[in-house]
Structures are given as C-alpha cells and as structure tokens.
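Its first residue numbered 1110, the sequence shown is counted upward by one per residue in my numbering. The C-beta atom is built at its ideal place from N, Cα and C for all residues, glycine as well. All of these numbers come straight from a predicted model, not from anything done at the bench. Taking it in order: structure first as structure tokens, then the write-up.
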Amino acid sequence: MSKGLISSIIFGLAVVLLFILVAPKYDEIKLAKATITERENLLADYESANQKFSELDMKYNQNKASIDKLSVLLPKSEQTDQIIFSVHEAAAQSGTQLTNISISSQNDQSEGPYEQRTVLVDLYCNYGSLISFLDNIEKNLRLSDVAQIRVSKGSGAGDGALSMSASLTIVVYNLK
C-alpha cells in the first residue's frame, strides 16, 4: 500500500473517531453551557427579588409605627356595641342630647383591606356642644370620618339651651 492511502485511511479514521468520541462531549458541553446560562438568569431574578424584598422590609420597618397605629385604629371586628358606647360617651362628655343612633350593615363595596360602616346620629345641641361632640369623635381611638352634618333649628323638645337639632353621618372603619 502506498503512503498516501495509509495516511488517507488514518485521516479518515481520525475524522470518524472525532465524530464518534468528540461530538457527544461537545453536545454535553453545549447543554451544560445552556444550563449554566439558565441558572445564572434564575440567580439574577432571585437576587432582584431578594433586593426588592429587602427594600420592602426596610420600608415596612420605617413605617412600622404607622402600621401599628393603624392596627389600633382599625379594629379587627365590627364591634357594634363599642361604636354605640363611643358615640354615647362623646355625646355625654360634650353636653349634647343623643336622640337617635343607627348603624348600617357593612359596606362590602369598600376598597382596600378595611370595611366601612355608616353610623347615623341625631342629637339636640348648641353650637359649642356640637363642636365639642365632633372633637370627642375625632379623639376616639376608632378611625372614623364625619361624612355629613345637617343642622336645623331645634324643635323645642329638649332643654331651652339646646337650640338646634343636628344629624350626622359618620363612617367608621374596621379591618376585613
């Protein structure tokens, strides 16, 4: 046999062995690189989420006092008896005569993590006692908004000094 033929056979065997032995390893390496890239992307996503979590935790810790205060202001249950007692105490402390109090059912249309209830209060008072009543409602531990005040001349049903009749619509809040 000639030297050219032997070298061609050796070269051909080398090429065949290259495809048989090296190609599978090349595919494994290519697959490993793809897996590494995918894992690096997952790690980057994890680090980004971890950083956002750390930022949220830091903001939570900065606002912890406000959150704790809201937890106190927004009770976890409706506590209708406490609402009635608070309004009655505010009326007694301000010198107004409470004539009617009614509490509506819960409003499920409220947005956010809290529920709203409407309290309708009718009372006889004078201007100073009305302001004092509103001040007492504001200082109450329960978070509330006075949504509407209607004042009219008193009907004379109460004390002569109580010269006007007031109807208030108060919205009180509690957690869902």
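Pair within 8 Å by beta-carbon distance, residue i and residue j
i       : j       : result
Val1228 : Ile1240 : no
Val1255 : Ala1275 : no
Ala1200 : Leu1179 : no
Residue interval of the alpha helix (DSSP H) (run including residue i)
i       : result
Leu1243 : Tyr1236 to Lys1248
Thr1144 : Ala1132 to Gln1171
Ile1129 : Looking at the DSSP string, Ile1129 is not in any alpha helix (DSSP H), and its letter there is neither H nor E.
Ser1111 : Neither: Ser1111 is in no alpha helix (DSSP H) and is coded neither H nor E.
Thr1189 : Thr1189 to Ser1203
Cβ-Cβ separation, residue j to residue i (assumed contact under 8 Å), whole Å
i       : j       : result
Pro1222 : Leu1284 : 6 Å
Met1273 : Asn1245 : Wrong, their Cβ atoms sit about 18 Å apart, outside the cutoff.
Ile1279 : Ser1253 : 5 Å
Alpha-carbon to alpha-carbon, residue j and residue i
i       : j       : result
Arg1251 : Lys1161 : 33 Å
Val1125 : Ile1119 : 10 Å
Asn1150 : Leu1140 : 15 Å
Val1131 : Ala1123 : 11 Å
Val1196 : Ser1175 : 25 Å
Phe1242 : Gly1204 : 8 Å
Ser1163 : Glu1147 : 24 Å
Lys1168 : Leu1152 : 24 Å
Phe1194 : Tyr1155 : 51 Å
Exposure label - residue i; buried when at least 16 CB within 10 Å
i       : result
Gly1121 : exposed
Ser1157 : exposed
Gln1171 : exposed
Leu1099 : Only positions 1110 to 1285 of the chain appear in the structure, and residue 1099 is not among them; the question remains open.
Gly1113 : exposed
Tyr1282 : buried
Ile1258 : exposed
Ile1138 : exposed
Ile1115 : exposed
Ile1192 : buried
Beta strand (DSSP E) segment containing residue i, residue limits
i       : result
Arg1259 : Ser1253 to Lys1262
Ser1213 : No beta strand (DSSP E) contains Ser1213, which DSSP labels as neither H nor E.
Ser1272 : Counting along the chain, Ser1272 falls outside any beta strand (DSSP E), and DSSP gives it neither H nor E.
Any non-hydrogen atom of the ligand ZN closer than 7 Å to residue i Cβ
i       : result
Ser1276 : Looking for the ligand ZN in the displayed structure turns up nothing, as the structure carries no ligands at all.
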